[in-house]
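No gaps in the numbering here: position 39 of the sequence shown is 39 in UniProt numbering, and each next residue is one more. One structure is given here, and the rest of the page talks about it.
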Amino acid sequence: MASVDYVFKTVNYGAQTVNLTATVHLPKCATSVKAIALYFHGGGYIVGGRAMLPATHIEALNESGFIAVSSDYRLGPTISVLDGPVSDSVAAYEWAQNVLPTLLENEHGILVDGENIVTLGHSCGGGIALLMASRPNPPKAILDLFGFKYLRDPFYHTSTSTQPQSNAPALPSAEFINQVFNEIPPPTAARPPFGPNGLDLSTPRQAYLVTSVRKGTQFDAIIAGDDYDRVDPEKLLESPNFPPTCFVQGTADVVVDAKFSQRAHAELQKNGIPSELYLAEGMAHGFDARLKRDDVAFSSIQKGVEFLAQYVG
Numbered sequence: 001m002a003s004v005d006y007v008f009k010t011v012n013y014g015a016q017t018v019n020l021t022a023t024v025h026l027p028k029c030a031t032s033v034k035a036i037a038l039y040f041h042g043g044g045y046i047v048g049g050r051a052m053l054p055a056t057h058i059e060a061l062n063e064s065g066f067i068a069v070s071s072d073y074r075l076g077p078t079i080s081v082l083d084g085p086v087s088d089s090v091a092a093y094e095w096a097q098n099v100l101p102t103l104l105e106n107e108h109g110i111l112v113d114g115e116n117i118v119t120l121g122h123s124c125g126g127g128i129a130l131l132m133a134s135r136p137n138p139p140k141a142i143l144d145l146f147g148f149k150y151l152r153d154p155f156y157h158t159s160t161s162t163q164p165q166s167n168a169p170a171l172p173s174a175e176f177i178n179q180v181f182n183e184i185p186p187p188t189a190a191r192p193p194f195g196p197n198g199l200d201l202s203t204p205r206q207a208y209l210v211t212s213v214r215k216g217t218q219f220d221a222i223i224a225g226d227d228y229d230r231v232d233p234e235k236l237l238e239s240p241n242f243p244p245t246c247f248v249q250g251t252a253d254v255v256v257d258a259k260f261s262q263r264a265h266a267e268l269q270k271n272g273i274p275s276e277l278y279l280a281e282g283m284a285h286g287f288d289a290r291l292k293r294d295d296v297a298f299s300s301i302q303k304g305v306e307f308l309a310q311y312v313g
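Below is the structure:
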């Protein structure tokens, strides 16, 4: 499985330049390509990076005829969700539609129509994938993997379900955590706070994310009051023209409650929009990160990819 990186947007911060990059994962057979699948990573808008798209998901997408693309966005909290994650992801979407097809044809002999595109994402990236329904040429279909939506709901602003376990490490000092505000320009990738040995609070960014989620201040710190409707897909999901959408959700998710995917699925069904919901029983947030293709729990991901493939030519 070969991959190639392209810069789709540059942002200048004085003498420094931030290159926003998309990794394009090429299938083994160029003639099997029928569409583009653009992926947005998770991480609460604060951590993560485009490399978080698992190899298993890339393989499943490639086998279903997709060019799999994973894109950068600038991370908060030194940039808002609207100006960073959402704005940069819109730029990636427009680039994938309008520029990438020419690059694929000229450099790899792959022919694909840029309007034949789907979106998918994990966690906050799932919410971003849904937001692409607002674009002039929206995705043919969307796969939302336990994505952020209904962001004004009190669930996100109290976060009592994400309080630390008794053996969790103590939070660093406020002085250490606030060093995250010195990270300008905003980074485009950062380690999540969950490592092989459990909770990792060794960087200010990791500690900032965990602290803000526990306090229920995560969103209000990076979403201006007037911006909620522009970064939350809630109102879009009420549209009778919303793209066909598949939701995958763990029932034991304490970061994004399963009720949000159930609510969105019901909303689309009410409006006659093709929609499927796969609930992974007993599975937590990010349950698919380390799955193998033959794991039982991967079946929901496979069904999601197959759902996307139904709606591209």
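Here a beta-carbon is modelled for each residue, glycine too, at the ideal position from N, C-alpha and C. Since this is a predicted model, take the numbers as computed values, not measurements.
With respect to the 8 Å criterion, V81 and Y39 are not classified as neighbours on the basis of their beta carbons. Inter-residue distance for E238 and V11 is about 34 Å (C-alpha atoms, whole angstroms).
Only residues of its own chain outside the window of five on either side were considered, and among them L75 have a CB closer than 7 Å to the CB of P187, listed in chain order.
In this structure the region 239 to 253 does not touch the region 170 to 186; the number of beta carbon pairs closer than 8 Å is below three. With distances taken between CA atoms, T31 lies nearest to H108 out of H108, P54, G49. For K259, no beta strand (DSSP E) segment is defined; the enclosing uninterrupted segment is the alpha helix (DSSP H) at 258 to 270.
Residue state for G121 is assigned as strand, using DSSP reduced to three classes. Looking at V33, N19, V254, the one whose alpha-carbon comes closest to that of E105 is V33. As summarised for the region 73 to 123, the continuous alpha helix (DSSP H) elements at least 4 residues long and confined to that stretch are 87 to 98, 100 to 108, given in chain order. The beta carbon of D72 sits closer than 6 Å to those of L20, T21, R50, T188, all from its chain and outside the five residues before and after it, given in chain order.
Judged by their CB atoms, H25 and A68 are nearer to each other than the 8 Å cut-off. Shown here, F298 sits in a helix according to DSSP, grouped into three states.
DSSP places E276 in the uninterrupted beta strand (DSSP E) bounded by 275 to 280.
With fewer than 16 other CB atoms across the displayed protein chains lying within 10 angstroms of its CB, F181 is exposed. T203 is the residue among Y156, T203, K259, H157 whose C-alpha sits nearest the C-alpha of Q179. At a cut-off of 3 residues, the continuous stretches assigned as beta strand (DSSP E) that sit fully inside the region 24 to 68 are 35 to 40. In this structure, the CA atom of A258 is about 8 Å from the CA atom of A252.
The beta-bridge partner set that DSSP reports for A22 consists of Y6, S71. Per DSSP, reduced to three states, the secondary structure at I184 is coil, with no helix or strand assignment. Residue pairing by DSSP puts G195 in a beta bridge opposite G198. Rounded to whole angstroms, the gap between the alpha carbons of P233 and L100 is 26 Å. Residue environment: Q218 is assigned as buried (16 or more neighbouring CB atoms within 10 Å of its CB, all protein chains considered). Within the DSSP bridge table, the entry for T17 names N12 as partners. In this structure, F146 places its C-beta atom within 8 Å of the C-beta atom of H285. A straight-line Cα-Cα distance of about 6 Å links Q269 and S275.
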